[in-house]
Ligand code: UDX
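Numbering (our numbering), first residue to last: 87 to 503.
Here is the structure:
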């Protein structure tokens, strides 16, 4: 099948490269010419396990190509995937659809007839209706069928998740579009679980899922505070809870709060939608508020730890919003570091992948260490803020010998070191 993917970010790139591996002819379109040039040369523009190999194999097979030219990108395609960003409006929390509608307007005149346009970007419920109306107005001859095809890839595991999806949700009443999506994923290693629903339901499934997981994390974080105060061990408690199949063990890891490009944005967006509809989403509201407060509380705890030390030195392990990625968007680690530096303490940071992305935000307000042991050298307290497995598996004797005093605040693994 000939497929065009618009947007080459954390969703578009693994999806495009993955589809080429499944045997489709894929053109990825991005308006950033410099990025297109890099991708054509096989250079990945973001860190994702296995993505570079997938990109290279796609380019070598000739089934994966990149362009910044819409007309060229969608020539003869049966399917267009919209995978552009929908960042939050910082004031209202509403999803900003300017890139999505910008792409729709730009692609409309070049769409071949009977094309299916699938919205992969996370969009407010009813956006599919608007996209369809706009396409019908701008290019009635194309008779484009607009469907919702939400993406559930996790950053850091995007390649794995592409080939092993837990479910594929397809929002459309059109039998033709449903068959096309079945064909799209026909060569996955295992037959995926398809769920065909109405377009608006599909759009809502994405928000409802992400918000539920965010609430679950907020819950376990509050429970961690409770357990600490009550003298119980949160890991044992989470394990005990997770054994109940009605609860499940996933997303019961306490930490400095959820971050990334999805949970913070999607919780705010669904809350905004609900408010407009006059519906109260009290649990999601509590999670948003609690998650913000948690970052503040963590920073306060670190500062309390060093309050009696003149010119304290703090070592921070972890900057990415979670392990396995270089992404620092809405990273609790970065926000906590910013709170620390606003109190003029000396902070030395290390992250296995996110040094470059973090430097764009933190600039020269912190010191950057070449490895985790150097970061801890001479520090009064060591703080772990991202769940990279190499931090958990550190040589703790070596860490202790470098630390000025044996103070470790482990906000991810919550272990005594
Ligand atoms: C999420 C969804 O999981 C994915 O399905 C969707 O497509 C995009 O959003 P992602 O943002 O990549 O994926 O990360 P995820 O692994 O879900 O973690 C999100 C945040 O929650 C991270 O900051 C992580 O550290 C935190 N988290 C996760 C916890 O604090 N505890 C947990 O138990 C799980």
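Glycine residues also receive a C-beta, built at the ideal position from the N, C-alpha and C atoms. Since we're looking at a predicted model, the values are computed, not measured.
Check	Outcome
C-alpha gap between residue 332 and residue 367, whole angstroms	22 angstroms
Residue 403, buried or exposed, once every other Cβ within 10 Å from all chains shown has been counted against 16	buried
Pairwise C-alpha distance: residue 196 and residue 225	8 angstroms
Buried or exposed (CB count within 10 angstroms, at least 16 for buried), residue 157	exposed
Those residues which DSSP pairs with residue 332 across a bridge	BP columns for residue 332 are empty, so no partner.
Meets three-Cβ-pair contact criterion under 8 angstroms: the segment 92 to 111 and the segment 243 to 257	yes
Cβ-based burial, residue 471 [other Cβ within 10 Å; buried from 16]	buried
CB contact flag (residue 370, residue 297, <7 angstroms)	yes
CA-to-CA distance, residue 494 to residue 292, given in whole angstroms	38 angstroms
Runs of alpha helix (DSSP H) lying entirely within the segment 290 to 376, each at least 4 residues, in chain order	320 to 328 and 349 to 363
Per DSSP, the bridge partner or partners of residue 151	113
At least three beta-carbon pairs within less than 8 angstroms, the segment 133 to 141 to the segment 408 to 416	yes
Range covered by the beta strand (DSSP E) that runs through residue 256	254 to 257
Touch test, the segment 196 to 216 against the segment 161 to 174, Cβ-Cβ under 8 angstroms, three pairs minimum	yes
Residues of its chain near residue 358, where Cβ-Cβ distance is below 7 angstroms and the 5 sequence neighbours each way are ignored	178, 179 and 180
Three-state secondary structure (DSSP) of residue 161	coil
Given 8 angstroms, three or more beta-carbon pairs between the segment 280 to 291 and the segment 320 to 338	no
Cβ-Cβ distance between residue 462 and residue 426 below 7 angstroms	no
Member of 464, 255 and 234 whose CA lies at the smallest distance from the CA of residue 399	464
Alpha helix (DSSP H) runs contained entirely in the segment 388 to 434, provided each spans 4 or more residues	418 to 427
Residue of 94, 363 and 365 minimising C-alpha distance to residue 119	94
Residue range of the beta strand (DSSP E) that includes residue 183	No beta strand (DSSP E) holds residue 183; DSSP gives it neither H nor E.
Cβ-based neighbour list, residue 190, same chain, cut-off 6 angstroms, excluding 5 preceding and 5 following	217 and 220
Residue 341: CB within 6 angstroms of a non-hydrogen atom of the ligand UDX	yes
Three-state secondary structure (DSSP) of residue 243	coil
Top-ranked residue by Cα proximity to residue 165, from 151, 406, 227 and 87	87
Closest by C-alpha distance to residue 91, when choosing among 138, 127, 153 and 128	153
Own chain residues within Cβ distance below 6 angstroms of residue 108, not counting five before or after	273
7 angstroms Cβ cutoff, residue 298 in contact with chain D	Chain labels in this structure do not include chain D; a single protein chain is all it has.
For residue 280, three-class secondary structure by DSSP	strand
Per-residue DSSP class, three states only, for residue 235	coil
Given 8 angstroms, three or more beta-carbon pairs between the segment 300 to 308 and the segment 275 to 284	no
When 223, 240 and 209 are compared against residue 233, the one with the closest alpha-carbon	209
Whether residue 381 touches residue 343 by CB criterion (7 angstroms)	yes
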